[in-house]
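Below is one structure, written out as structure tokens; comments come after it.
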Amino acid sequence: MDYLLIYAHPNPKSFNHAILETLTSRFDKEKRPFQVRDLYKLNFKPSLSSEDFISFSSNTAAADIKQEQNLIEQGKTLIFIYPIWWFGMPAILKGYIDRVLSRNFAYGVNEKGPYGLLSNKKVVIINTTGGPKEHYEEGGLKDILKTTIDVGVFGFCGIKITLHKYFYAVPYIGNESRQNMLKELKAIQID
Ligand SMILES: Cc1cc2nc3c(=O)[nH]c(=O)nc-3n(C[C@H](O)[C@H](O)[C@H](O)COP(=O)(O)O)c2cc1C
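Quick look at the structure:
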């Protein structure tokens, strides 16, 4: 599978959903095999439980975790699509990362410390924001997200980020600007 799309937005009428549709129709046209994991539709359980911890240590992860890990193994490029909420990701996606990118699957630990196990994967991140571009690019918010997401999550797992794209101020710009953003996605270099 070329692309595994991990999508986190509850509203099928959202701009994030339009991003998902734009990319999936592009991949259909390009005949690139892909699969979508719509975390809200899946009702993905986001809390890392004590049972999960026990199962990680015995290498018998819960069925829902195992299923997501199998899909990650099959996908060459993982594409995360989500809005910025409270300067982070929606809780359901944070829970996916807590549970699915687990020790001995996404990273290992030896006497020198932790090391990534997913260095054969590439990642694309597509975010939408309410805040304007200036706040993110000149106000330092983008650097904060780079540290927590690009470095703190994907870098930690050894994954190479090929694109981290932001669409800014989505609720406040006109429809024409939003359509131009979707047009840009139809041709953007992904991997
Ligand atoms: C719970 C919540 C928290 C939000 N927090 C932020 C934030 O921290 N920074 C920001 O720029 N926008 C924030 N927003 C605005 C969203 O990022 C924005 O509405 C969304 O990206 C627009 O895309 P959509 O139409 O697909 O939802 C927040 C929105 C919600 C609902």
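With the sequence shown counted from 1, adding 1 to any position gets you our numbering.
Ideal Cβ placement from N, Cα and C applies to all residues, glycine included.
This structure is a prediction, so every number in the text was calculated from the model and none was measured.
Asked: Contact set for D39: own chain, Cβ-Cβ below 6 Å, skip 5 residues either direction; Found: Y8
Asked: Any residue whose CB is nearer than 5 Å to a heavy atom belonging to ligand 1, listed in chain order; Found: S15, F16, N17, P84, I85, W86, W87, F88, T129, T130, G131, G132, V171 and P172
Asked: Through-space distance from I55 to L146, alpha-carbon basis; Found: 31 Å
Asked: The beta strand (DSSP E) enclosing K161, as first and last residue numbers; Found: K161 to F168
Asked: N17, enclosing alpha helix (DSSP H) - first and last residue; Found: F16 to K30
Asked: Whole runs of the alpha helix (DSSP H) within the region 79-132, excluding any shorter than 4 residues; Found: 92-101
Asked: Enclosing beta strand (DSSP E) for N36 [first to last residue]; Found: Note on identity: in this sequence residue 36 is Gln, with Asn being the wrong assignment. F35 to D39 is the span of the beta strand (DSSP E), which, as asked, contains Q36.
Asked: Below-8 Å beta-carbon distance, S59 vs any chain C residue; Found: The chain inventory of the structure shown lacks chain C, comprising one protein chain alone.
Asked: Simplified DSSP assignment, three categories, for I73; Found: helix
Asked: Paired residues, beta bridge with L186 - DSSP; Found: In the DSSP output, where bridge partners are listed per residue, L186 has none listed.
Asked: Coil, strand or helix - I55 by DSSP; Found: helix
Asked: Cβ neighbours of N128 in the same chain (closer than 6 Å, five flanking residues each side left out); Found: I85 and Y167
Asked: At least 3 beta-carbon pairs within less than 8 Å: the region 65-84 vs the region 133-146; Found: no
Asked: CB contact flag (L186, I20, <8 Å); Found: yes
Asked: Per-residue DSSP class, three states only, for I150; Found: helix
Asked: Proximal residues to E69 (C-beta, below 6 Å), its chain only, five neighbours per side dropped; Found: V101
Asked: Candidates K30, F16 and L6: closest to G131 by CA position; Found: F16
Asked: Segment limits, alpha helix (DSSP H) that includes Y173; Found: Where Y173 is concerned, there is no enclosing alpha helix (DSSP H), given that its DSSP letter is neither H nor E.
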